[in-house]
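J.:
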Amino acid sequence: MGNLYLAYDYPVLGAFWTVMWIFLWILWLMVLFRVIADIFRDHTLHGWAKAGWLLFVIILPFLGVLIYVLARGKDMGKREAQLAKQHQEEFDTYIRETAAPSGGASQADELAKLADLKAKGDISEDEFQRAKEKILH
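Residue numbers (full-length UniProt numbering): 1 to 137.
(1) Using a threshold of 7 Å, state whether the C-beta atoms of V31 and Y68 are closer than that.
(2) Does the distance from the C-beta atom of W57 to that of G64 stay below 7 Å?
(3) Rounded to a whole number of angstroms, what is the C-alpha to C-alpha distance between residue 144 and K113?
(4) Can you check whether the CB of K120 is closer than 7 Å to the CB of F128?
(5) So what does DSSP say about L60, is it helix, strand or coil?
(6) If you count every other CB in all the chains shown that lies within 10 Å of the CB of D38, and 16 or more means buried, which is it?
(7) Helix, strand or coil for G121, going by three-state DSSP, please let me know.
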């Protein structure tokens, strides 16, 4: 019969190197896709510049990614942080709008609360008129 390889025939160092190469391959793919995403995310680059970088990264991937990270790597973090901030602001706005009762207080509700404050004596007539103008405009 031919050679029969069992699990114990695979040396520990060989298993380590296999895991290391798989890890490096996955890491490489993550960096490659991050660079490609950054090329499209960058609004300072225009069409031909984006096309050039993309071709460079696709045709010569290792060299293209290395040069892109060296040339534009500092701003990659800034663009990523800006995108995260934008997403957080959009999420916060969504939560505020969703959590507000029935889409927020209407002008009539706000005027009623204002009238109650005036009736209790908590605000003066002048303050009432200014607040009323803000609500109605």
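Quick reminder that beta carbons are idealized off the backbone N, C-alpha and C, glycines included.
T.: Answer, in terms of the structure:
(1) In the sequence shown, counting from the first residue as 1, residue 31 sits at position 31. In the sequence shown, counting from the first residue as 1, residue 68 sits at position 68. No.
(2) Along the sequence shown, one-based indexing puts residue 57 at 57. Along the sequence shown, one-based indexing puts residue 64 at 64. The sequence shown places Val at residue 57, rather than the Trp named in the question. Cβ atoms of V57 and G64: closer than 7 Å.
(3) For the chain, the structure presents residues 1 to 137; residue 144 sits outside this window and is missing.
(4) Within the sequence shown, the letter at position 128 stands for residue 128. Within the sequence shown, the letter at position 120 stands for residue 120. No; because the gap between Cβ atoms is not below 7 Å, this pair is not in contact.
(5) Counting from 1 along the sequence shown, the entry for residue 60 is found at position 60. Three-state DSSP puts L60 in coil, outside helix and strand.
(6) As a working note, residue 38 is residue 38 in the sequence shown. So D38 ends up on the buried side.
(7) As a position in the sequence shown, residue 121 is number 121, starting the count at 1. Note: G121 maps to coil in three-state DSSP.
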